[in-house]
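According to UniProt numbering, the sequence shown is numbered sequentially starting from 1.
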Amino acid sequence: MDSLTQEKVRPLSLNDLGVAPSEATLESFFSDAEEESGVETLPESHPLLVRVRSALDMGFAGVILAGPPGTGKSWYAKRLAHTIAGHSDAVRIVQFHASYQYEDFMLGFAPSDEGGFHLQKKTFALICDDAAEEPAVQHVLLIDEISRCDVARVFGEAMTYIETDKRGHEFTVASGGKMTVPPNLIILATMNPWDKGVDELDIALERRLAQIDVLPSRLELRRLLEAQGAREDIINRVERVFDAIQREQNEMVRLGHAYFLNCVSEEGARLAWELRLKHFFQKACRLDKATFERIEQIWFREFPPLAETAAPPEAGPGSENERESGPEPANGAEPNSTVTTEA
């Protein structure tokens with residue numbers, strides 16, 4: 001076997017490998033980044049912002065926006081974060097999920113250029129450092145879907161020190177290092193109250209974070225449909241379905257107004273049912289068949305399904321169709337023509 005060379009291998013660029021991003025991809029990436037940094041803020045008189053500020057003034061470390069899917073929790077949370085924060089760079093956003101761990105949120109090991117591993121600060125430790133460097137600036141950590149993981153395990157030692165009366169107190173993290181949670185850090189989060197991890201979340205955070213309900217809104221539903229040019233009769237029919245769903249005893253079927261966003265026409269409403277709404281209700285009612293059947297009837301009363309055209313029966317030997325039309329003409333001859341053969 002040939003001995004290994006000691007010379008460095010020629011470095012390969014993305015262009016050499018044929019996987020370099022196109023100009024269009026780069027433009028899309030940077031435009032998305034600019035759009036994110038330019039998130040609209042809420043007016044100070046907005047009812048939700050007023051309630052969030054009231055909760056913070058009461059001494060809560062942050063606020064959880066709780067509500068069923070489609071109520072705009074994430075939309076509001078992002079705008080609240082940018083309204084409360086001192087500047088756009090003072091906001092960090094993270095989404096929790098089932099496999100999210102302490103090592104993703106606090107401190108974790110990452111590979112180094114030398115081939116080993118080094119300890120690396122993650123989202124929470126980084127925003128704590130940012131807030132400590134700018135004590136006069138309000139910093140906001142936005143956690144989307146906070147109930148999707150084991151929150152107590154993800155926060156670890158920091159769970160105790162996010163309380164406002166323990167801010168600035170030094171504590172020891174898993175690596176043995178020291179850390180503090182600055183007083184100018186606020187936590188905003190979103191939560192679906194029907195997620196599996198909600199019970200554990202309540203125990204861990206009920207004393208630390210206030211909870212504000214963001215519920216389905218008929219007013220928002222009308223505003224969304226009107227903005228897309230839906231006719232008044234379509235809006236009225238969608239509202240009747242929406243109102244009936246909100247009156248159901250099974251709270252898991254009370255989905256938000258955003259789920260009806262595409263119901264701007266007869267065809268749009270039928271597609272919304274077939275592609276999205278029907279499947280949501282089937283899942284929410286998998287142990288409550290009667291409720292699904294009732295919702296389905298309510299929907300079809302307002303938006304009846306298109307009548308399916310029955311396919312004609314296939315003609316078989318001796319069928320009525322064959323007796324009426326006679327046998328198939330041979331050799332491509334026209335119907336009713338005489339086919340002759342040479343003797």
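Built from N, CA and C at the ideal position, the CB exists for glycine as well.
The structure displayed is predicted, hence computed values, not measured ones.
Per-residue burial, residue i [other beta carbons within 10 Å of its own, 16 or more giving buried]
| i | result |
| --- | --- |
| residue 203 | exposed |
| residue 303 | buried |
| residue 71 | buried |
| residue 109 | exposed |
| residue 191 | buried |
| residue 129 | exposed |
| residue 207 | exposed |
| residue 111 | exposed |
| residue 262 | buried |
| residue 98 | exposed |
Nonlocal neighbours in the same chain, by C-beta distance under 7 Å from residue i, ignoring five residues either side
| i | result |
| --- | --- |
| residue 243 | 218 |
| residue 125 | 106, 107, 179 |
| residue 292 | 281, 282, 285 |
| residue 85 | 91, 138, 139, 140 |
| residue 51 | 212 |
| residue 169 | 161, 180 |
| residue 69 | 192, 255, 256 |
| residue 119 | 107, 109, 175 |
Inter-residue Cα distance where the pair is residue i and residue j
| i | j | result |
| --- | --- | --- |
| residue 283 | residue 171 | 44 Å |
| residue 39 | residue 187 | 18 Å |
| residue 278 | residue 66 | 24 Å |
| residue 212 | residue 47 | 11 Å |
| residue 163 | residue 63 | 12 Å |
| residue 161 | residue 77 | 23 Å |
| residue 224 | residue 231 | 12 Å |
| residue 297 | residue 270 | 14 Å |
| residue 103 | residue 266 | 49 Å |
| residue 56 | residue 82 | 16 Å |
| residue 241 | residue 301 | 9 Å |
| residue 44 | residue 87 | 16 Å |
| residue 210 | residue 113 | 43 Å |
| residue 195 | residue 201 | 10 Å |
| residue 344 | residue 268 | There is simply no residue 344 to check, as the chain begins at 1 and stops at 343 in what is shown. |
Opposing strand residues paired with residue i [DSSP bridges]
| i | result |
| --- | --- |
| residue 116 | None; residue 116 has no bridge partner. |
| residue 66 | 191, 213 |
Own chain partners of residue i with C-beta closer than 6 Å, once the 5 adjacent residues on each side are dropped
| i | result |
| --- | --- |
| residue 257 | 216, 217, 220, 221 |
Within-9 Å CB hit, residue i to chain C
| i | result |
| --- | --- |
| residue 156 | Absent from the structure: chain C. Only one protein chain is present. |
Residue i: CB within 8 Å of a non-hydrogen atom of the ligand MN
| i | result |
| --- | --- |
| residue 223 | Among the components modelled here there is no ligand, and therefore nothing to report on the ligand MN. |
Contacting residues, own chain, Cβ-Cβ under 8 Å from residue i (five flanking each side not counted)
| i | result |
| --- | --- |
| residue 96 | 143, 144, 145, 146, 147, 148, 149, 151, 154 |
| residue 239 | 218, 221, 222 |
| residue 234 | 225, 263, 264, 265, 266, 269 |
| residue 60 | 164, 208, 209, 210 |
| Which runs of the alpha helix (DSSP H), 4 residues or longer, sit entirely within the region 81-110? | 102-105
| request: Could you pull out every unbroken alpha helix (DSSP H) segment of at least 4 residues lying fully inside the region 118-191, listed in chain order? | output: 123-133, 151-155, 158-161
| query | Can you list, in chain order, the stretches of the alpha helix (DSSP H) that have 4 or more residues and sit fully within the region 221-300? | reply | 232-246, 266-272, 278-284
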